[in-house]
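Just below is one structure, and these are the notes that go with it.
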Amino acid sequence: MIILILGSGIMAFTVLRKPKPDGFPRMPGMNFTSDAGLNRTLSIYQDLERLEVLGDQVRTIIKKKKLTDADSVLLKFKLKQIDSIYKRAVAH
């Protein structure tokens with residue numbers, strides 16, 4: 078019985094061993110490039126930074142007691158920039 082157990086163990090680690098897979102498994106038809114994901118991540122990060130800056134500028138304008146015509150034009154421009162960033166994010 079001990080000989081059978083030892084024989085089974087030797088066969089499990091030599092003859093019956095499966096070959097190691099090459100790299101990570103891939104889904105069929107999925108083409109991923111390593112730089113595409115990194116570029117997209119950097120683009121999202123830059124958009125988030127830009128949204129933070131634009132949000133601060135909008136809050137600064139809104140805090141004023143009275144808005145001039147220049148403030149209104151500037152506020153409208155900043156809000157359009159924020160909207161374009163959101164639309165670009167939804168498109169992807």
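Residue numbers (this note's numbering): 78 to 169. Using N, Cα and C, we set each Cβ at its ideal position, and we do this for glycine too. Note that the structure is predicted; figures quoted are calculated from it, not measured.
Euclidean distance between Cα positions of residue i and residue j
i, j, result
"residue 122", "residue 148", "28 Å"
"residue 153", "residue 97", "60 Å"
"residue 88", "residue 81", "10 Å"
"residue 84", "residue 94", "14 Å"
"residue 119", "residue 133", "21 Å"
"residue 90", "residue 117", "44 Å"
"residue 141", "residue 114", "41 Å"
Proximity of residue i and residue j at Cβ, strictly below 8 Å
i, j, result
"residue 124", "residue 168", "no"
"residue 155", "residue 135", "yes"
"residue 151", "residue 138", "yes"
Spatially closest choice to residue i from the options, by CA coordinates
i, options, result
"residue 160", "131, 94 and 84", "131"
"residue 157", "84, 118, 86 and 127", "127"
Assigned secondary structure, residue i (DSSP; H/G/I helix, E/B strand, else coil)
i, result
"residue 156", "helix"
"residue 117", "helix"
"residue 150", "helix"
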